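Undergrad: This note's numbering applies: residue 470 is where the sequence shown begins, and numbers increase by one.
Before we start, here is the structure in question, set down as structure tokens.
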Amino acid sequence: MATIIRQTTIDVTPAEAWAALEDFGAVHRRLAAGFVATCTLDAPEVRAITFVNGAAARERLVGVDHDARRLAYSVIESGLGFSHHNAAAQVVEQGERTVFVWTTDLLPDDLADAVAGLMDAGLAAIKATLEHQQPAQ
């Protein structure tokens, strides 16, 4: 099983980053604008997303740990042909800044390079989105 781990430091407070990450149905607005184009909730724990390149996926929320600021999800439908996909994103405090850690486990292994490229683009969008949003009033 391939494992991909990416992380970046983001100039927002961990509370701000976590508020965006835990809003599972608003990934396209609050977390990864410019990477995810649309997101709708099919059920309370299943979202349908369309990426800016037109690709689509359905993802199931697996778990949320508010104390650890960690959210886990699994891709249940996509055009990539996963036989297994599980991912977790976590907000780690670094003073007033955030380290955003994203880990994905997937099968088949030969999808790892493609998914790593998508994660790199997604992480850049997450950083840009969070650093340019105004805090909620």
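Each residue gets a CB set at the ideal place from its N, CA and C atoms; glycine is no exception.
All figures in this text were calculated on a predicted structure; none of them were measured in a lab.
In three-state terms, what does DSSP make of residue 458?
TA: Given that the chain is displayed from residue 470 to residue 606, the structure contains no residue 458 and the question cannot be resolved.
Undergrad: Within 10 angstroms of its Cβ, does residue 528 collect 16 or more other Cβ (buried), or is it exposed?
TA: The residue is buried, with at least 16 neighbouring Cβ atoms inside 10 Å.
Undergrad: Are there 16 or more other CB atoms within 10 angstroms of the CB of residue 548, so buried, or fewer, so exposed?
TA: The residue in question, residue 548, is exposed, as its Cβ has fewer than 16 Cβ neighbours within 10 Å.
Undergrad: Closest to residue 532 by CA distance: which of 526, 557, 510 and 545 is it?
TA: Comparing Cα positions, the closest option is 557.
Undergrad: Assuming residue 598 is part of the alpha helix (DSSP H), what are its boundary residues?
TA: Counting along the chain, the alpha helix (DSSP H) containing residue 598 begins and ends at 581-601.
Undergrad: Please return the same chain residues whose Cβ sits closer than 6 Å to the Cβ of residue 541, not counting the five positions on each side in sequence.
TA: So the list reads 531, 532 and 557, once near-sequence residues are dropped.
Undergrad: Taking 8 Å as the cut-off, decide whether the C-beta atoms of residue 590 and residue 559 are in contact.
TA: Not in contact: residue 590 and residue 559 (Cβ atoms no closer than 8 Å).
Undergrad: Taking only runs that begin and end inside the segment 511-550, name each unbroken beta strand (DSSP E) of 3 or more residues, in chain order.
TA: Whole beta strand (DSSP E) segments, 3+ residues: 515-520, 525-534 and 539-547.
Undergrad: How is the beta strand (DSSP E) around residue 562 delimited, first residue to last?
TA: From DSSP, the beta strand (DSSP E) with residue 562 extends over 553-563.
Undergrad: Under the three-state reduction of DSSP, which class applies to residue 489: helix, strand or coil?
TA: If DSSP states are grouped into helix, strand and coil, residue 489 belongs with the helices.
Undergrad: For residue 574, tell me which candidate among 526, 588, 564 and 594 has the shortest Cα-Cα distance.
TA: It is 588.
Undergrad: Which same chain residues end up closer than 7 Å to residue 484 when comparing Cβ atoms and leaving out the 5 residues on each side of it in sequence?
TA: None.
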